[in-house]
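Peer 1: Dropping the structure in here first, questions after.
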Amino acid sequence: MANTSQAREILHVVLLCFIWYGVSSGNGVILKTVLNDFPYPMTVTMVQLLTATVFSGPLFSLWGIRTAVEINKSYYWKLIVPLAFGKFFSSVSSHVSIWKVPVSYAHTVKATMPLFTVVLSRIIIGEKQTFKVYISLIPIIIGVLIATASEISFNMIGLISALLSTMGFSLQHIFSKKVLTETGIHHLRLLHILARLALIFFLPVWFIYDFRTILFDENLFQGKDKFMIAFLLFVDGICNFAQNIVAFSIISLVSPLTYSVCSTAKRISVIAVSLILLGNPVTAFNFFGMMLAIFGVLVYNKAKYDANQAKLKTASLPYTTNGETNLLLKFDDFHHSPVINKLYPPELSKKNGYIRLHQLMNGSPSLQNL
-14 MANTSQAREI
-4 LHVVLLCFIW
6 YGVSSGNGVI
16 LKTVLNDFPY
26 PMTVTMVQLL
36 TATVFSGPLF
46 SLWGIRTAVE
56 INKSYYWKLI
66 VPLAFGKFFS
76 SVSSHVSIWK
86 VPVSYAHTVK
96 ATMPLFTVVL
106 SRIIIGEKQT
116 FKVYISLIPI
126 IIGVLIATAS
136 EISFNMIGLI
146 SALLSTMGFS
156 LQHIFSKKVL
166 TETGIHHLRL
176 LHILARLALI
186 FFLPVWFIYD
196 FRTILFDENL
206 FQGKDKFMIA
216 FLLFVDGICN
226 FAQNIVAFSI
236 ISLVSPLTYS
246 VCSTAKRISV
256 IAVSLILLGN
266 PVTAFNFFGM
276 MLAIFGVLVY
286 NKAKYDANQA
296 KLKTASLPYT
306 TNGETNLLLK
316 FDDFHHSPVI
326 NKLYPPELSK
336 KNGYIRLHQL
346 MNGSPSLQNL
């Protein structure tokens, strides 16, 4: 029964990944087409946020997704609101990069996400990595440098925007997982909240910048099918909403490492489809840089996996040294009996090895969590 359930879960994740790859690849082509004829990345972002906000309610009700959990105000302002700001800025930066450079190059630059993850994890939570993890970043950096040096359609604004969006999405993944774990909120509800907040916060900014420009730009739609542009904007919003739902679903089902592997495979799919359908020129040296960067991401994922496995083995091996032992960590939450030997002071009562028998007989929650 357990094997059947595990196989079903794996199949579910694989199916979600294929849907994610298909929708993301199509969205990349549509997005580039829209931005070529309609160079307003902030408007594209606002359409995507509006689509997510409008369609979330009816869709979630149809699926029977539970309503949002109660989140205290301080936590809301500390984590939820910054996530909404990050979502907006990361999306706009990503759209600017797609507008300025080919889709394949933009996604190659986004392969630097492991580099940002390592640096940000060190700064934010003080997490150190193994030597293998640090070494694995080298092919990523070299690959992106080669792709950059050999990119025929290179644009500095596009490069900087791609790097900024990668850093933003890296932060979003880290803190989204934290919010999902700490609040118990449904991942799709979190997506809805972030889209709604970002839309509300930046609607005035959009009116001041893009709306006024679009309204008075007489040459914007000259020689172009405005209805086709509007239709593609709508389709892009739907595709973005769909891939966000799938991405958040995968995040909630798998570990960060597995999600990173899935994301790497998605990037390969997007690059391949964009090269085939959009036909942007690419040299052999440029293609080598792309593949080297992606290979570096795979090496990084393997190094991270090995490091995590080593940590698990270390934690599972009992040790006692200099009066310290990790055995107490495993049994730290047991409800111990009072100290039997009066020679021990009260502060050592938690280290008493006597556990009431009825806790074992009645199925202690602590035992079930071992």
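With my numbering, the residue at position 217 of the sequence shown is 202, and numbering never jumps. Each residue gets a CB set at the ideal place from its N, CA and C atoms; glycine is no exception. Quick caveat, the model's predicted, so the values are computed rather than measured.
What is the residue span of the alpha helix (DSSP H) that Y119 lies within?
Peer 2: From DSSP, the alpha helix (DSSP H) with Y119 extends over F116 to S135.
Peer 1: Compute the beta-carbon to beta-carbon distance between W5 and A257, rounded to the nearest angstrom, for a pair I have assumed lies under 8 Å.
Peer 2: Not quite, the Cβ-Cβ distance comes to about 15 Å (not below 8 Å), so this is no contact.
Peer 1: Taking buried to mean at least 16 other C-beta atoms within 10 Å of its own C-beta, is L313 buried or exposed?
Peer 2: For L313, the predicted model reports a pLDDT of 42, less than 50, meaning its position is unreliable; a value from the coordinates is still stated below. Per the 10 Å Cβ criterion, exposed.
Peer 1: Determine the extent of the alpha helix (DSSP H) in which R51 is found, giving its start and end residues.
Peer 2: Counting along the chain, R51 falls outside any alpha helix (DSSP H), and DSSP gives it neither H nor E.
Peer 1: Does the region 200 to 212 touch the region 91 to 98, meaning 3 or more C-beta pairs lie closer than 8 Å?
Peer 2: No contact exists between the region 91 to 98 and the region 200 to 212.
Peer 1: Does the separation of the CB atoms of A132 and N271 fall below 8 Å?
Peer 2: Contact: yes.
Peer 1: Note down the Cα distance separating M276 from V54, rounded to an integer number of angstroms.
Peer 2: Their backbone Cα atoms lie some 43 Å apart in a straight line.
Peer 1: Among V129, F40 and H172, which one has its Cα closest to the Cα of G222?
Peer 2: Selected option, being the one with the closest Cα: F40.
Peer 1: Which residue comes first and which comes last in the alpha helix (DSSP H) that contains S75?
Peer 2: Looking at the DSSP string, the run of the alpha helix (DSSP H) that includes S75 is V66 to K85.
Peer 1: Are the beta-carbon atoms of L238 and V(-1) separated by less than 8 Å?
Peer 2: Contact: no.
Peer 1: State the CB to CB distance for the pair V81 and I142, rounded to an integer number of angstroms; the pair is presumed to be in contact (CB under 8 Å).
Peer 2: That pair is a contact at about 7 Å.
Peer 1: List in chain order: all unbroken alpha helix (DSSP H) runs of 4+ residues lying wholly within the region 167 to 246.
Peer 2: Listed in chain order, they are 172 to 191, 197 to 201 and 211 to 238.
Peer 1: Would you say S121 and G281 are within 8 Å of each other, going by their C-beta atoms?
Peer 2: Yes, these two residues count as a Cβ contact at 8 Å.
Peer 1: Below 8 Å on the Cβ atoms is my guess for V129 versus A278; work out the distance and round it to an integer in Å.
Peer 2: Their Cβ separation, rounded to whole angstroms, is 5 Å, which keeps V129 and A278 in contact under 8 Å.
Peer 1: So, do the region 159 to 178 and the region 61 to 68 have three or more beta carbon pairs nearer to each other than 8 Å?
Peer 2: Yes, since at least three Cβ pairs between the region 159 to 178 and the region 61 to 68 fall closer than 8 Å, the two stretches touch.
Peer 1: With C-beta atoms as the reference, is H172 less than 8 Å away from S234?
Peer 2: Contact flag set, yes.
Peer 1: Using CA atoms only, rank isn't needed, just tell me which of R(-7), L35 and M98 is closest to A183.
Peer 2: Here the closest residue by C-alpha is L35.
Peer 1: Quick check: T28 and D195, are their CB atoms within less than 8 Å of each other?
Peer 2: Yes.
Peer 1: Which residues bound the alpha helix (DSSP H) around I110?
Peer 2: That run of the alpha helix (DSSP H) goes M98 to I110.
Peer 1: Would you say I131 lies against chain D (beta-carbon separation less than 8 Å)?
Peer 2: The structure shown contains no chain D; it is built from a single protein chain.
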